[in-house]
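The sequence shown begins at 91 in our numbering and counts up one residue at a time.
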Amino acid sequence: MGFGERDFAGPTVAIVNSWSETTPGHYHLRDLATAVKEGVRQAGGMPVEFNTAAPCDGIAQGPGMHYVLPLRDVIAASIELMIEAHLFDAAVMLGTCDKIVPAMLMAAARVDLPTIFLTGGPMLPWYKEGRAVVPSDVKEAMGQRQTGKISEEEFHLLECNACGGPGACAFMGTANTMDCLVEAMGLSLPGCGTLPAVAPERLELARATGRRIMELWQEDLRFRQIVSQGALANAVRVLQAIGGSTNAVLHLLALAEELGLELDLRAFDEIGRQVPLLGKFKPASPLTVVDLHEAGGVPAVLSRLVRLLDGDLPSVSGQTISQIAAGAGDSPPDVLRPLEEPLAPEGGIAILHGSLAPAGAVVKQSGVEPRMMRHRGPARVFESEEDLRDRLLAQEVRPGDVLVVRNEGPRGGPGMRELSIPAALIVGMGLAESVAMVTDGRFSGATRGPCIGHVAPEAYDGGPIGLVQDGDLIEIDIPQRRLDLLVNANTLEERRRRWLRRESPFANGFLALYAQRVGSADRGAVLR
């Protein structure tokens, strides 16, 4: 295997790599792992690489999406078990995409070793007539093609070019959101979260990461010493300021559960009311995460927010969060607004409660048009994503409707599928300013429009969303943080007496186990 006596004299460093040919987000990580190992060896350590699974949310749409969130917990367990079984002394986590980075965070919390992250960075966007095109544009183009707004040839051109190379899709989806939050918590070297995947500087960043993990081992600076209650709060502040993905709510809640720290949905909303929106990125604006990097990346965000952050917290770089913020250069206001002149007075994510969501629901308010911040309309009930997709493609959805998609929660799905294609179809078909969607499933950072997810309790657990009938009035009031089913209590009680749980469509295999053991969305959908 190439190891000699001298190698065994130093600490063994786990190089946890999610390289895979299943997704462009991880296709470049093999070369980065080689550079990390060079850095570890330069500093006297013994790097030992192993791989873990790496699904792609963008590819695993439809039936495949049942399996993606469950894989988060499988990946976390696989890393935990490998590290503990082989008695590693420290760890470098190489990952990029939606479920892999959160899983690595969860595993790192369990093993609590000196740990550093090297996230893969965003892919370069393709430009058409001066406009950046990213994979989320293909989903919206599906709706545009369906309504004749673009031709088949134009659609095919987008399909062929929207994925501009290795790395995370260049919009502010879950992958880039989590990569930014990892850096904001002090777990990766400055600039790592937004440096493009193919930038030449990334190889040297990888070597520096390898060298730095050896210093962390020598200092015995462990994961839980960096990811404290204050670091989680800082992550939520950055999430709110950059209008990040709603999936980050799910993953930060899961991380808090692993750490035994306090974090709930109300904390997200309280912070969101205090932290203004400083930046919007695709699909909520024409800007990409590459634009954010050119504007200074996460250090620039920290610099803008420094008065609101816990700045004395440590980072893997050896600097405090305030010191990293102080090292950021000037950032153009067309990418990141000053704290005193924000895009909006509140952050990007809002938490709703009400008679339809007693335990809470999540919406990316920074992607909602002003006229849809308040909406009242009749419910159109769908029992699955496919049911809604068929009705959309048949153009059977009417302006004013509130589309209720249930039995897509963590247990009821199972797997809490991401309904990003129906959400994008609504935008592409020109319905984003007249139609809302509500689900116990989830949405993506690729989603914009009045799409409310994570409704809890889910239908499978007897939540009110399981009692909604066609024609019921639903009222959405995002400024007041309300989501209400306007049906009287006696009627709902009668419906509850007649309600029957839909049996899981997966009677065997891992998903059957998952449906039995997974927790609710408002607690991070953690497998127990």
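We put the CB at the ideal spot given by N, CA and C, even for glycine.
Residue from the options whose Cα sits closest to the Cα of residue i
| i | options | result |
| --- | --- | --- |
| Ile542 | Ser421, Arg464, Gln315 and His116 | Arg464 |
| Phe98 | Asp179, Val158 and Arg327 | Asp179 |
| Thr113 | Thr186, Ala274 and Ala418 | Thr186 |
| Ile566 | Pro290, Leu442 and Leu247 | Leu442 |
| Leu279 | Ile332, Leu311, Leu248 and Ile206 | Ile206 |
| Gly599 | Ala615, Glu583, His118 and Pro160 | Pro160 |
| Glu357 | Arg397, Glu523, Val224 and Val339 | A small fix is needed here, since residue 357 is Ala in this sequence, not Glu. Measuring from the Cα of Ala357, the nearest candidate turns out to be Val339. |
| Pro489 | Gly444, Ser524 and Arg461 | Ser524 |
| Glu273 | Ala415, Pro290 and Trp307 | Ala415 |
| Ala296 | Ile105, Pro423 and Val317 | Ile105 |
| Leu620 | Val288, Ala198, Phe261 and Glu219 | Here the chain covers residues 91 to 618 and nothing more, so residue 620 does not appear. |
| Leu351 | Gln485, Ile190 and Arg314 | Arg314 |
| Leu398 | Phe261, Glu242 and Gly362 | Gly362 |
| Pro292 | Gln132, Gly211 and Tyr550 | Residue 292 is actually Arg in this sequence, not Pro. Checked all of Gln132, Gly211 and Tyr550; the closest Cα to Arg292 is Gly211. |
| Val458 | Leu446, Gly444, Glu436 and Met91 | Glu436 |
| Ile190 | Thr124, Pro204 and Thr264 | Thr264 |
| Val406 | Arg302, Ala449, Glu498 and Ala331 | Arg302 |
| Gln198 | Leu177, Leu214, Ala166 and Pro215 | One detail in the question is off: residue 198 reads as Ala in this sequence, not Gln. For Ala198, the nearest C-alpha among the options comes from Ala166. |
| Arg618 | Arg162, Tyr550, Val224 and Pro145 | Arg162 |
| Gly438 | Asn497, Gly450 and Val365 | Val365 |
| Glu593 | Pro569, Gly552, Gly614 and Gly154 | Gly552 |
| Arg481 | Ile149, Met183, Gln236 and Gly135 | Gln236 |
| Cys253 | Gln455, Met462, Leu446 and Cys146 | Cys146 |
| Pro428 | Gly450, Ala331, Met519 and Arg588 | Ala331 |
| His544 | Arg607, Asp574 and Arg613 | Arg613 |
Straight-line Cα distance separating residue j from residue i
| i | j | result |
| --- | --- | --- |
| Lys239 | His383 | 33 Å |
| Arg586 | Gly556 | 9 Å |
| Gly129 | Gln559 | 60 Å |
| His341 | Ala611 | 10 Å |
| Leu277 | Trp109 | 20 Å |
| Asp491 | Ala605 | 31 Å |
| Met506 | Phe93 | 44 Å |
| Lys229 | Pro137 | 41 Å |
| Leu367 | Leu395 | 11 Å |
| Met262 | Arg591 | 36 Å |
| Asn251 | Asp562 | 43 Å |
| Ile316 | Arg96 | 31 Å |
| Pro286 | Ala258 | 9 Å |
| Ala597 | Glu548 | 19 Å |
| Leu483 | Thr124 | 46 Å |
| Gly220 | Ala385 | 19 Å |
| Met91 | Glu309 | 29 Å |
| Ala434 | Glu244 | 34 Å |
| Glu111 | Leu521 | 36 Å |
| Val201 | Glu139 | 17 Å |
| Leu177 | Ala260 | 37 Å |
| Ser375 | Ser456 | 10 Å |
| Ala536 | Leu509 | 10 Å |
Anticipated Cβ contact below 8 Å, residue i with residue j, distance rounded
| i | j | result |
| --- | --- | --- |
| Leu195 | Leu345 | 5 Å |
| Val328 | Leu377 | Not quite, the Cβ-Cβ distance comes to about 16 Å (not below 8 Å), so this is no contact. |
| Val528 | Val487 | Actually they are not in contact, since the Cβ atoms of Val528 and Val487 sit about 14 Å apart, beyond 8 Å. |
| Ile511 | Gln151 | 6 Å |
| Pro373 | Ser226 | 5 Å |
| Asp400 | Ile411 | 7 Å |
| Val103 | Ala181 | 7 Å |
| Val380 | Pro215 | 6 Å |
| Leu247 | Ala321 | Not really, about 43 Å apart at Cβ, beyond 8 Å. |
| Pro468 | Pro554 | At roughly 16 Å, the Cβ-Cβ gap does not stay under 8 Å, so Pro468 and Pro554 are not in contact. |
| Lys370 | Gly334 | Going by Cβ atoms, the distance from Lys370 to Gly334 rounds to 11 Å, so no, they are not a contact pair. |
| His156 | Leu601 | 6 Å |
| Gly281 | Val126 | In fact, because the Cβ distance is near 16 Å, the residues do not count as touching under 8 Å. |
| Glu347 | Val616 | 5 Å |
| Asn324 | Met275 | 6 Å |
| Ala526 | Gly450 | Actually they do not touch by this definition, with Cβ atoms about 17 Å apart. |
| Met183 | Gly518 | That pair is no contact at about 36 Å. |
Which residues DSSP lists as bridging residue i, in chain order
| i | result |
| --- | --- |
| Trp216 | Val223 |
| Val471 | Val494 |
| Met136 | Thr102 |
| Phe207 | Met183 |
| Ile441 | Val452 |
| Glu565 | Arg466 and Asp574 |
| Asn107 | Asn141 and Leu184 |
| Pro608 | The sequence given here has Val at residue 608, not Pro. In the DSSP output, where bridge partners are listed per residue, Val608 has Leu617. |
| Ser367 | The sequence shown places Leu at residue 367, rather than the Ser named in the question. The partner list for Leu367 (beta bridge, DSSP) reads Ala434. |
| Phe447 | Per the sequence shown, the amino acid found at residue 447 is Ala instead of Phe. Ala447 is bridged to Gly444. |
Secondary structure, beta strand (DSSP E): runs of 3+ residues fully inside the region 486-546: 492-495, 526-529 and 541-546
Whole alpha helix (DSSP H) runs in the region 377-423 with 4 or more residues, listed along the chain? 379-384, 387-395 and 411-416
Return the chain-ordered ranges of every alpha helix (DSSP H) run that is complete within the region 265-317 and spans a minimum of 4 residues. 291-309 and 313-316
Can you check the region 234-258 for any beta strand (DSSP E) of at least 3 residues that lies completely inside it and give the ranges in chain order? List check, beta strand (DSSP E) in window: nothing returned.
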